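Asks: So that we are looking at the same thing, I have put the structure below in structure tokens.
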Amino acid sequence: MDQANEIITDLFERMHDMLLGYAKSSLGNYALAEEAVQETFMIAWVKQEDLCSSPSPEGWLMNTLKNVIFNMQRVQTNENRFLREYIAVHGPDAAI
Numbered sequence: 006m007d008q009a010n011e012i013i014t015d016l017f018e019r020m021h022d023m024l025l026g027y028a029k030s031s032l033g034n035y036a037l038a039e040e041a042v043q044e045t046f047m048i049a050w051v052k053q054e055d056l057c058s059s060p061s062p063e064g065w066l067m068n069t070l071k072n073v074i075f076n077m078q079r080v081q082t083n084e085n086r087f088l089r090e091y092i093a094v095h096g097p098d099a100a101i
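Every number in the numbering used here is 5 more than the matching position in the sequence shown, counting from 1.
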């Protein structure tokens with residue numbers, strides 16, 4: 006296993022539960038929290054050079070999770086706004 010794999014594996018083992026708890030408190034939903042943590046580690050894998058060169062890989066991972074959560078909330082807000090606008094135009098009984 007190369008160094009990047011070892012670093013990511015170590016971070017996953019040490020930080021998964023803490024990241025999941027943070028995501029759950031931010032998103033209010035366990036399934037969405039798990040999705041956010043999985044996406045965070047996917048990003049870490051894709052950007053492993055950035056992660057490994059960071060002076061604080063733990064901080065890098067936490068900031069990445071915060072960005073993932075922000076993006077998830079932004080998408081959800083946009084979807085809710087679209088739904089409210091659709092209902093306002095078509096009525097509450099309209100098919101979506």
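All C-beta atoms in this analysis are idealised placements derived from N, C-alpha and C, irrespective of residue type, glycine included.
Since the structure is predicted, the reported quantities are computational estimates derived from the model, not experimental observations.
Rounded to whole angstroms, what is the Cα-Cα separation between W50 and V94?
Replies: The count along the sequence shown starts at 1 and reaches residue 50 at position 45. The count along the sequence shown starts at 1 and reaches residue 94 at position 89. When rounded, the distance between both Cα atoms is 44 Å.
Asks: Compare the C-alpha of D15 against each of G26, F46 and L37 and name the closest.
Replies: Taking the first residue of the sequence shown as position 1, residue 15 is located at position 10. It is F46.
Asks: To the nearest angstrom, how far is the alpha carbon of E44 from that of V73?
Replies: Within the sequence shown, the letter at position 39 stands for residue 44. Within the sequence shown, the letter at position 68 stands for residue 73. About 7 Å.
Asks: Tell me the DSSP secondary structure of G64 in three-state form.
Replies: The residue you call residue 64 lines up with position 59 of the sequence shown. In this structure, G64 counts as helix in the three-state DSSP scheme.
Asks: Classify G96 as helix, strand or coil using the three-state DSSP reduction.
Replies: Position 91 of the sequence shown, counted from the start, is the residue given in the question as residue 96. Here G96 sits in coil by DSSP.
Asks: Going by Cα to Cα distance, which pick from N76, E63, V80 and R89 is closest to L24?
Replies: Against the sequence shown, residue 24 aligns to sequence position 19. The shortest C-alpha separation from L24 is found at E63.
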